[in-house]
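Asker:
Numbering (my numbering), first residue to last: 3 to 440.
Shown next as structure tokens:
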């Protein structure tokens, strides 16, 4: 099949590359000329395991093309995937300006029957809006259908999630469009759920809001454990063993970030408000998450009340391992808190350093590796659970620190080990070790 994907971010580029891998003819479209030229030369705009190999292979065999021409994307394909960003607007809703730009191009260049697929995460009713825009503005009398086909990939495992999805959701009332979308997705060997368009649009927001709520819930339990006694890891294991709950997304930590959970929780709250409903649970989820990001530095201040001039090491800047994405990353809150308190921040991340420089500029020191970061620091804060940060040589860490204070935002280390090594150790939802309160 011939399809175009508008947008070459995480969703668009990964989706386009994976469809090409299955043998379809794919055109990836983006208005960013530098990005498109880079892709033609094998330069990936995002870090994602396995993506470059698939892109290079399918670009070489002709299954995958890159262009800045929206018109070319519309005219040469039968299925048009809209996979552009929908960031939060000033009110927490979804900014659909990029979607609108693509729809305008579709209206201007439609030259045959097209299936227009909303892959972007959009509020309920967006499909109607897209349909109306094309119908009112199309410059040729061709039929089309608008389908909602939300994505459920996770950054860091996006290729794997796209090739092996839990389910594929296709929202449309058009039998012709549904049959074509079924055929397009056969190579993924995943169950296909057919719904109306409204339900499909709500499913993505509902899924992310539920998962985010699980994270904030276990972080609230962690905060109770710290105050009342108990170990949140044991609590999570106890409740996660119940098949009705499961252990997924029950790992306490410094809070969620990234491109999806923060904006999608805000967006579904905004949508609910628009329809006159107060979505209290998800509203609280957002509030809890923002507060959770501040807990690491607050714990550090229990040991070092005045951080002025103190050198603090931050390990991990991306919002999660195996990605360079720092959107809404907890590290951004941690670094800001430290800087506001007068600390001197040293930081390292295996892949997100360039992105960090775009965000923090010269306000922090960028180090070559984890041990260079820790050297001569008063304390270390572990923010992102990269494998190398979970396998630190603790004896070396203690030797390099001027003060053996270790703040673990991801519960990477065992309490007994940290106690034996002589660290002042704070984690999440577990007792503090060798701390000032003892």
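Virtual Cβ for every residue (Gly too), placed ideally from N, Cα, C. A quick note: this is a predicted structure, and the numbers were derived from the prediction, not measured.
Cutting at 6 Å between CB atoms, please list the residues of its own chain near residue 264, excluding the five before and the five after it.
Answerer: 330
Asker: List the residues that DSSP assigns as beta-bridge partners of residue 347.
Answerer: 314
Asker: Can you check whether the CB of residue 116 is closer than 7 Å to the CB of residue 72?
Answerer: No, the pair does not count as a contact, with Cβ atoms beyond the cut-off.
Asker: Since I believe residue 358 is in contact with residue 349 (beta carbons under 8 Å), could you give me their beta-carbon distance rounded to a whole number of angstroms?
Answerer: Correct: roughly 7 Å between the Cβ atoms.
Asker: Using a Cβ-Cβ cut-off of 7 Å (strictly less than) and excluding sequence neighbours within five positions of residue 355, which residues of its own chain qualify?
Answerer: 368
Asker: Distance, Cα to Cα, residue 404 vs residue 315?
Answerer: Cα atoms of residue 404 and residue 315: separation of roughly 11 Å, rounded to the nearest angstrom.
Asker: Given 8 Å as the limit, is there contact between the region 45–62 and the region 245–258, that is, 3 or more CB pairs closer than that?
Answerer: no
Asker: For chain C, find out if any of its Cβ atoms is closer than 7 Å to the Cβ of residue 337; answer yes or no.
Answerer: No chain C appears in the structure shown, which is made up of a single protein chain.
Asker: Rank 327, 337, 239 and 215 by C-alpha distance to the C-alpha of residue 289 and give the top, closest one.
Answerer: 215
Asker: Can you give me the C-alpha to C-alpha distance between residue 135 and residue 146, rounded to a whole angstrom?
Answerer: Rounded to whole angstroms, the separation of the alpha carbons of residue 146 and residue 135 is 12 Å.
Asker: Residue 101 and residue 122: beta carbons closer than 7 Å?
Answerer: yes
Asker: Let me know if residue 105 comes out buried or exposed under the rule of 16 or more other beta-carbons within 10 Å of its beta-carbon.
Answerer: buried
Asker: So, residue 169 versus residue 195, is the Cβ gap smaller than 7 Å?
Answerer: yes
Asker: I need the straight-line Cα distance from residue 150 to residue 309, nearest angstrom please.
Answerer: 50 Å
Asker: In chain order, which beta strand (DSSP E) runs of at least 3 residues are fully inside the region 362–417?
Answerer: Qualifying beta strand (DSSP E) stretches, in chain order: 381–384 and 407–410.
Asker: Could you work out which residue in 425, 183 and 189 is closest to residue 167 when comparing CA atoms only?
Answerer: Cα-wise, what sits closest to residue 167 is 189.
Asker: Please report the Cβ distance between residue 107 and residue 97, rounded to the nearest whole angstrom; I am assuming they are in contact, meaning their Cβ atoms lie under 8 Å.
Answerer: With a Cβ gap of about 18 Å, residue 107 and residue 97 do not count as contacting.
Asker: Please confirm if the region 385–403 is in contact with the region 278–292, defined as three or more CB-CB distances below 8 Å between the two stretches.
Answerer: Contact fails: fewer than three Cβ-Cβ distances are below 8 Å.
Asker: Kindly indicate the opening and closing residues of the beta strand (DSSP E) around residue 426.
Answerer: 426–428
Asker: Can the beta-carbon of residue 6 be found less than 7 Å from the beta-carbon of residue 75?
Answerer: Yes, these two residues count as a Cβ contact at 7 Å.
Asker: From residue 153 to residue 9, what does the alpha carbon distance come to, in whole angstroms?
Answerer: 14 Å
Asker: Between which two residues does the beta strand (DSSP E) carrying residue 30 extend?
Answerer: 27–31
Asker: I'd like the list of long-range same chain contacts for residue 327, defined as Cβ closer than 7 Å, with 5 residues on each side in sequence excluded.
Answerer: 157, 260, 261, 320 and 321
Asker: Report, in whole angstroms, the separation of the C-beta atoms of residue 379 and residue 429, which I expect to be a contact under 8 Å.
Answerer: Not a contact, Cβ separation roughly 18 Å.
Asker: Near residue 274, what residues of its chain come up, given a Cβ to Cβ distance below 6 Å and the 5 sequence neighbours on each side ignored?
Answerer: 281
Asker: Taking the continuous beta strand (DSSP E) assigned at residue 263, which residues delimit it?
Answerer: Taken as a continuous stretch (DSSP letters only), residue 263 belongs to no beta strand (DSSP E), being part of the alpha helix (DSSP H) at 263–276.
Asker: Cβ atoms of residue 385 and residue 408: under 7 Å apart, would you say?
Answerer: no
Asker: Considering only DSSP beta bridges, list what residue 195 is partnered with.
Answerer: 171
Asker: Run through DSSP, which three-state label would residue 121 get?
Answerer: coil
Asker: For residue 179 and residue 133, I'd like the C-alpha separation in whole angstroms.
Answerer: 14 Å
Asker: In the DSSP output, what is residue 479 paired with across the bridge?
Answerer: Given a span of 3 to 440 for the chain in the structure shown, any question on residue 479 remains unanswerable.
Asker: Could you tell me which of 298, 306 and 402 sits nearest to residue 412, measuring between CA atoms?
Answerer: 298
Asker: Would you check if the distance between the CB atom of residue 2 and the CB atom of residue 332 is smaller than 7 Å?
Answerer: Because the chain here runs from 3 to 440, residue 2 falls outside it and cannot be looked at.
Asker: Going by other Cβ atoms of all chains shown within 10 Å of its Cβ, with 16 needed for buried, is residue 142 buried or exposed?
Answerer: exposed
Asker: What's the call for residue 238, buried or exposed, on a 16-neighbour Cβ count within 10 Å?
Answerer: buried
Asker: How many Å lie between residue 205 and residue 38 at the Cα?
Answerer: 32 Å
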